[in-house]
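Colleague:
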Amino acid sequence: MFNQGQRPAINVGLSVSRVGSAAQVKLMKRIAGRLRLDIAQYREAAAFLAFGADALDDAVLDVLNKGTMLMQVLKQPMFKYLTLVQEIVVLYGALNSHFDVYGTRLNEIYMYKRMLTNILALGETAYFNTGSLIDIIYDSGDNYTFRMFQEEANNFLTSVRKLIRLTPSVIKTPL
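Take a look at the structure:
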């Protein structure tokens, strides 16, 4: 996987830590809970396709499309690490249909992810109020609910997509 450009290399069958999910933030566990299942289903469907399946039903095509999008979202350039906030927001967006508008157009998926991570790296701007999103993610107590996170994340992800619609050349820029 690593040599195929998938960084970090993800093998859903192996655990890389004895600590496991105990080391994860509660919000990350809740958001990424079904990521492992989605990737396993994608790999199974891709293996089925490799054996020369002629006709695929819509359910298998949906699994392949979603898996292709997830694998693109999970890619990171070498030595360019995402912060916890960036990881959580991008994974939430990928697992909750915010990337679906781009289908399997890998360049556009990459550019949307890059725009999200760049805006989150800036912190609060005149257009994006990311402060409350950051407060919710780093909340060590139980001051915020998951519903509050969903609302803030959905607002942020939708706002970035609206910005892209206003300036479509941003998303079409080649890598």
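When you line the sequence shown up against the numbering used here, it's residues 876 to 1050, in that order. Here a beta-carbon is modelled for each residue, glycine too, at the ideal position from N, C-alpha and C.
Which two residues bound the contiguous alpha helix (DSSP H) that contains Glu-919?
Modeller: Residues 910–925.
Colleague: Once you ignore the five residues that flank Leu-1032 on each side, which residues in its own chain have a CB closer than 6 angstroms to its CB?
Modeller: Gly-968, His-973, listed in sequence order.
Colleague: Would you identify the three-state DSSP class for Met-944, choosing helix, strand or coil?
Modeller: Helix, per DSSP.
Colleague: Roughly how many whole angstroms lie between the Cα atoms of Phe-851 and Val-976?
Modeller: Absent from the structure is residue 851, since the part of the chain shown begins at 876 and ends at 1050.
Colleague: Look at the alpha carbon of Val-960 and the alpha carbon of Leu-936, and state the distance between them as a whole number of angstroms.
Modeller: Cα-Cα distance, rounded: 31 angstroms.
Colleague: What is the DSSP secondary structure of Leu-981, counted as helix, strand or coil?
Modeller: Three-state result, Leu-981: helix.
Colleague: Helix, strand or coil: how does DSSP classify Asp-933 here?
Modeller: In the structure shown, Asp-933 sits in a helix (DSSP, three-state: H, G or I).
Colleague: According to DSSP, simplified to helix, strand and coil, what is Val-938?
Modeller: Residue state, collapsed to three classes: helix.
Colleague: Output the boundary residues of the alpha helix (DSSP H) element that contains Leu-957.
Modeller: Where Leu-957 is concerned, there is no enclosing alpha helix (DSSP H), given that its DSSP letter is neither H nor E.
Colleague: What's the C-alpha gap between Ala-922 and Thr-979?
Modeller: Cα to Cα, the separation comes out at about 18 angstroms.
Colleague: Give the range of the alpha helix (DSSP H) segment to which Val-900 is assigned.
Modeller: Where Val-900 is concerned, there is no enclosing alpha helix (DSSP H), given that its DSSP letter is neither H nor E.
Colleague: Can you list, in chain order, the residues of its chain with a C-beta nearer than 8 angstroms to that of Asp-1010? Leave out the 5 residues immediately preceding and following it.
Modeller: Once the five neighbours on either side are set aside, the close Cβ partners of Asp-1010 are Tyr-1019.
Colleague: Mind checking which residues open and close the alpha helix (DSSP H) that includes Asn-1052?
Modeller: Because the chain is modelled from 876 through 1050, residue 1052 falls outside the range shown and cannot be assessed.
Colleague: Have a look at Val-964, Val-938, Ala-925 and flag the residue whose alpha-carbon is nearest the alpha-carbon of Gln-916.
Modeller: If we check each option's Cα against that of Gln-916, Val-938 comes out closest.
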